[in-house]
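With the first letter of the sequence shown counted as 1, position 160 gets the number 191 in my numbering; the numbers rise by one all the way through.
Take a look at the structure below.
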Amino acid sequence: MITRILLMPGLVVWSLSGQVQAQTSPDDRVVEVTHYQSQARYQYGLKILDLALSKLDVPYEIRSIDYPGLNEARGELMVEKGEIDLEFMSTSREREKKLIPIKIPIYRGILGLRLLLVRKEQHEELQKIASLEDLRRYVGGHGTHWGDLPVYEANGLKVVTSAQYETLFTLLMHARFDYFHRGLNEIWDEAQRHSKQLQVADNVMLFYPHPVYFFVTRKRPDLAEKIESGLSLAIEDGSFEHLFLQEAQQFIERADLKSRKLIVLKNPVIPPGTPPLDTSWWLPEKFQEQLMEYPLLR
């Protein structure tokens with residue numbers, strides 16, 4: 032969990048790196064931000080949020096709101112009502128209507144790159160998947176409330192869903208479905224936690240346009256402006272790219288992307304006017320020509 036402690040005037044606010052961000056004074060107003068995404072798989076997004084706010088040269092506090100049973104659906108409803116300030120999720124028409132989208136993809140599109148977590152006894156079979164037609168022979172697992180669920184229906188892929196993240200691993204281990212598609216930054220820890228029964232499939236990867244934005248409650252347009260300004264500054268000075276590669280490079284290398292077959296899926300939930308994704312920070316050049324066939328992927 033990332034947290035900021037409100038400090039008395041004259042003291043300092045520290046960043047995740049331990050460096051001084053700003054000094055408070057009687058006239059300073061602390062920028063307060065609440066979120067509900069405190070699980071380990073969300074830590075990168077919180078680091079980007081911290082980086083953006085650190086560029087504003089004002090004191091700030093990031094707090095996690097958490098209690099038993101708080102899932103993504105409930106958390107998003109609380110953001111919509113203004114009970115929580117923000118979330119970071121994949122974009123959709125509905126989400127952009129209900130909340131304020133900051134249209135700077137915080138994962139640079141890499142969360143749309145999916146590796147497959149499979150049962151060990153089925154690995155030899157599934158690593159041979161080489162096309163969308165091959166993939167349609169199998170059943171995937173998916174979160175009930177995840178924003179990219181329509182991607183799988185739109186591409187003719189069968190899925191089994193659950194509202195509980197941990198339940199999906201249990202269902203996979205009990206052969207209720209064949210694969211669980213996971214993000215590059217998620218799958219290795221998950222495979223390690225379930226290493227007796229599950230492993231990452233070799234040779235295959237899925238990819239679809241999947242911009243993940245910060246979404247701010249419409250009751251805090253001031254906060255949305257501040258975060259967008261901070262993200263723009265971080266892009267300009269190179270610190271965004273530095274943090275991204277610091278977090279992602281080990282996973283990119285471990286996945287050995289060049290050795291895999293790339294299966295591109297269409298994403299029907301992307302709102303009209305969504306800016307194209309720039310994948311140049313991380314996707315091997317050999318795949319760039321393949322992506323040129325898709326307007327949202329560059």
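Just so it is clear, CB atoms sit at the ideal spot from N, CA and C, and this is done for glycine as well.
Predicted, not measured: the structure shown is a model, and the values here were computed from it.
Euclidean distance between Cα positions of residue i and residue j
{"i": "Pro-57", "j": "Asp-88", "result": "Because the pLDDT at Pro-57 is just 40, under 50, the model does not fix this residue reliably, and the point stays unresolved."}
{"i": "Lys-317", "j": "Arg-126", "result": "34 Å"}
{"i": "Leu-80", "j": "Phe-245", "result": "8 Å"}
{"i": "Asp-287", "j": "Ser-193", "result": "30 Å"}
{"i": "Lys-78", "j": "Arg-72", "result": "12 Å"}
{"i": "Leu-166", "j": "Lys-257", "result": "43 Å"}
{"i": "Ile-115", "j": "Met-204", "result": "35 Å"}
{"i": "Val-321", "j": "Glu-284", "result": "Residue identity check: residue 321 is Gln in the sequence provided, not Val. Going from the Cα of Gln-321 to the Cα of Glu-284 covers about 21 Å."}
{"i": "Leu-148", "j": "His-225", "result": "10 Å"}
{"i": "Ser-48", "j": "Glu-107", "result": "Any answer about Ser-48 is weak, because its pLDDT of 39 lies below 50 and its placement is not dependable; what the coordinates show is given next. Answer to the nearest angstrom: the Cα atoms are 29 Å apart."}
{"i": "Lys-297", "j": "Pro-240", "result": "7 Å"}
{"i": "Gln-52", "j": "Trp-313", "result": "Note that Gln-52 scores 41 on pLDDT, short of 50, meaning its location in the model is unreliable; the coordinates nonetheless yield the value given after this. Their Cα atoms are separated by approximately 29 Å."}
{"i": "Asn-216", "j": "Gln-195", "result": "19 Å"}
{"i": "Tyr-66", "j": "Leu-117", "result": "Before going further, note that residue 66 is His rather than Tyr in the sequence given. His-66 and Leu-117: Cα-Cα distance of roughly 5 Å."}
{"i": "Glu-152", "j": "Ala-206", "result": "11 Å"}
{"i": "Phe-200", "j": "His-154", "result": "16 Å"}
{"i": "Thr-310", "j": "Leu-144", "result": "10 Å"}
{"i": "Arg-124", "j": "Val-300", "result": "7 Å"}
{"i": "Glu-63", "j": "Gln-228", "result": "43 Å"}
{"i": "Pro-252", "j": "Phe-119", "result": "16 Å"}
{"i": "Gln-54", "j": "Glu-92", "result": "Residue placement at Gln-54 is poorly supported in this model, since its pLDDT is 40, which falls under 50; the coordinates still yield a value, given next. Going by the C-alpha atoms only, they are around 13 Å apart."}
{"i": "Trp-219", "j": "Gln-68", "result": "20 Å"}
{"i": "Ser-95", "j": "Lys-159", "result": "42 Å"}
{"i": "Pro-315", "j": "Pro-306", "result": "21 Å"}
{"i": "Tyr-325", "j": "Gln-319", "result": "10 Å"}
{"i": "Glu-103", "j": "Asp-268", "result": "33 Å"}
{"i": "Gln-281", "j": "Leu-82", "result": "20 Å"}
For residue i, three-class secondary structure by DSSP
{"i": "Glu-324", "result": "coil"}
{"i": "Arg-72", "result": "helix"}
{"i": "Tyr-196", "result": "helix"}
{"i": "Ser-56", "result": "For Ser-56, the predicted model reports a pLDDT of 37, less than 50, meaning its position is unreliable; a value from the coordinates is still stated below. DSSP places Ser-56 in coil when its eight states are reduced to three."}
{"i": "Thr-175", "result": "coil"}
{"i": "Pro-306", "result": "coil"}
{"i": "Leu-77", "result": "helix"}
{"i": "Asp-188", "result": "Checking the displayed sequence, the identity of residue 188 turns out to be Leu instead of Asp. Leu-188 falls in the coil class under three-state DSSP."}
{"i": "Ser-290", "result": "helix"}
{"i": "Thr-114", "result": "According to the sequence shown, residue 114 is Glu rather than Thr. Reduced to three states, the DSSP call for Glu-114 is coil."}
{"i": "Ile-2", "result": "Limits of the chain in this structure are 32 at one end and 329 at the other, which puts residue 2 out of reach."}
{"i": "Ser-311", "result": "coil"}
{"i": "Ile-301", "result": "coil"}
{"i": "Tyr-91", "result": "strand"}
{"i": "Val-61", "result": "coil"}
Option in the options with minimal Cα separation from residue i
{"i": "Leu-308", "options": "Thr-122, Ser-85, Phe-282, Leu-108", "result": "Thr-122"}
{"i": "Asp-179", "options": "Arg-167, Leu-142, Thr-201", "result": "Leu-142"}
{"i": "Gln-70", "options": "Tyr-98, Ala-83, Tyr-91, Leu-108", "result": "Tyr-98"}
{"i": "Lys-134", "options": "Gly-304, Gln-321, Glu-324, Ser-311", "result": "Gly-304"}
{"i": "Gly-100", "options": "Glu-197, Val-61, Gly-269, Ile-266", "result": "Glu-197"}
{"i": "Pro-146", "options": "Val-190, Gln-230, Glu-164", "result": "First, the residue type needs correcting, since residue 146 is Leu and not Pro in the sequence shown. Measuring from the Cα of Leu-146, the nearest candidate turns out to be Gln-230."}
{"i": "Ser-270", "options": "Leu-84, Val-64, Val-61, Tyr-67", "result": "Leu-84"}
{"i": "Phe-275", "options": "Lys-128, Pro-242, Tyr-75", "result": "Tyr-75"}
{"i": "Glu-111", "options": "Val-191, Val-247, Tyr-138, Lys-159", "result": "Val-247"}
{"i": "Arg-60", "options": "Ile-96, Leu-264, Ile-218, Leu-254", "result": "Leu-254"}
{"i": "Trp-177", "options": "Val-191, Arg-168, Glu-164, Gly-187", "result": "Val-191"}
{"i": "Arg-278", "options": "Tyr-91, Pro-90, Ile-137", "result": "Note that residue 278 is Glu in the sequence shown here, rather than Arg. With distances taken between Cα atoms, Glu-278 lies closest to Ile-137."}
{"i": "Leu-163", "options": "Asn-186, Ala-222, Val-182, Arg-150", "result": "Asn-186"}
{"i": "Val-182", "options": "Pro-242, Phe-282, Lys-250", "result": "Pro-242"}
{"i": "Arg-249", "options": "Asn-102, Gly-113, Ile-96, Arg-105", "result": "Gly-113"}
{"i": "Arg-139", "options": "Met-323, Glu-272, Gln-281, Phe-282", "result": "Glu-272"}
{"i": "Lys-150", "options": "Leu-202, Phe-282, Gly-214, Glu-324", "result": "Note on residue identity: the sequence assigns Arg, not Lys, to residue 150. Taking only the C-alpha atoms, the option nearest Arg-150 is Leu-202."}
The stretch 293-300 contacting the stretch 222-237, beta-carbon criterion three pairs below 8 Å: Flag = yes, the stretch 293-300 and the stretch 222-237 touch.
field: beta strand (DSSP E) runs wholly inside the stretch 192-259, at least 3 long, in chain order
entry: The beta strand (DSSP E) runs lying completely inside the stretch 192-259 and spanning 3 residues or more are 210-214, 229-231, 235-238, 243-247, given in chain order.
task: Give a yes or no on contact between the stretch 203-221 and the stretch 159-176, applying the rule of three or more CB pairs nearer than 8 Å.
output: The stretch 203-221 makes contact with the stretch 159-176; the number of CB pairs closer than 8 Å reaches 3 or more.
- request: Scan the stretch 117-170 and note each continuous alpha helix (DSSP H) run of 4 residues or more that stays entirely inside, going in chain order.
  value: Counting whole runs of 4 or more residues, the stretch 117-170 contains the alpha helix (DSSP H) stretches 124-129, 154-157, 163-166.
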